[in-house]
Amino acid sequence: MMQAVEIESATKRFGDVIAVDDLSLSIPEGSIYGFIGPNGSGKTTTLRMILRIIHPDQGQIRVLGEDSFTADNDLVGYLPEERGLYKKMRVLELLQFFAALKGNRDGKTDALRWLDELGLGEWGNKKVETLSKGMSQKIQFIASIIARPELLILDEPFAGLDPVNSEVIKRTVLELRKQGTTILFSTHDMEVAEKMCDYICMMFKGKKVIDGTMDAIQGDYGQNVVRVKIADGGDIQGQLESLAEVEMVNDFGLVQELRLKPDADTQSLLRRLMELGTVRHFELCRPSLRDIFVRIAGPESEEDSHE
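One rule links them: number in this note's numbering = place in the sequence shown (from 1) + 161.
Have a look at this one:
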């Protein structure tokens, strides 16, 4: 399998802080590769090294087969987390400008097509400052793909989008992958990462702590989660936490997820649950990516998994 990005023992320091520590990973061509981790874990620093915005202090990074640290590759598209568009420009001329920056001198046809695809066909002659926040984010997304990149890097592509616009971007990302584009994106949305990504890498304190397919990652963490729904249970969380088989309770209100202690007897647990109330649902399942994230990063980082 060919690799779109190969990182070998990359380290990046900022003064006394090691932002990325001896990182090695490979991103296969044509895949969707998700980057997760709490704030300050080294994700954005890694993306910027891949983009040649900053250089590693040690190690090697190859992008689309090249290891040169010269100007950005025209075959790489980038959607930064910090959104920014020229507000006085008209939408169509803005997109043509971004296309020209990446070597596509005749970007008007592509710009018009993408505007239609993303439901903005009537906005080409409007100034950017007249757009809503969701529209502006879709325009910035179009700007990142207007030159038909082979590698597309997205930093928090779904942040701040309503469900309708999120669905549009998700559908477009999947279509680009079908056409052969490699997608690398950083996200705090664990559900999106779990459902969309072929591979997932988790960074924590500058180091890679997870790297692989979701199936392999879940396999490493065992099948020790029980999802339950109990009717007439009263203060159910307190009662569940007192059970001998239970290590931790994640209460979602109508449903609770129980992380079991090693060698817990699930049949014994079920009997105890039936004593607490009517068991409407009892499911032994693998831990979610969100649960794995919290196990590694700690409860103080749980809020990151919802952003």
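Even glycine gets a Cβ: it sits at the ideal position worked out from N, Cα and C.
The structure displayed is predicted, hence computed values, not measured ones.
In the three-state reduction of the DSSP assignment, Val-289 falls in the helix class, which pools H, G and I.
An exposed status is given to Leu-415, since fewer than 16 other beta-carbon atoms sit within 10 Å of its beta-carbon. Looking at the DSSP output, Val-386 sits in a beta bridge with Arg-420, Cys-446. DSSP lists Glu-167 as the bridge partner or partners of Ser-187. Using a 10 angstroms sphere on the CB of Cys-446, the tally of other CB atoms stays under 16, which defines it as exposed. Within the model, the alpha-carbon separation for Leu-208 versus Gly-438 is close to 50 angstroms.
No Cβ-Cβ contact shorter than 9 angstroms links Thr-348 with Glu-328. Taking a cut-off of 8 angstroms for Cβ pairs, the segment 214-227 and the segment 287-302 do not touch, as fewer than three such pairs fall below it. Bounds of any alpha helix (DSSP H) do not take in Arg-213, whose DSSP letter is neither H nor E. Rounded to whole angstroms, the separation of the alpha carbons of Ile-197 and Asp-424 is 30 angstroms. Here Asp-372 is not near Leu-212, since their CB atoms are 9 angstroms or more apart. Distance check between Lys-248 and each of Arg-433, Ile-391, Asn-286, Val-455 places Asn-286 closest, using alpha-carbon atoms only.
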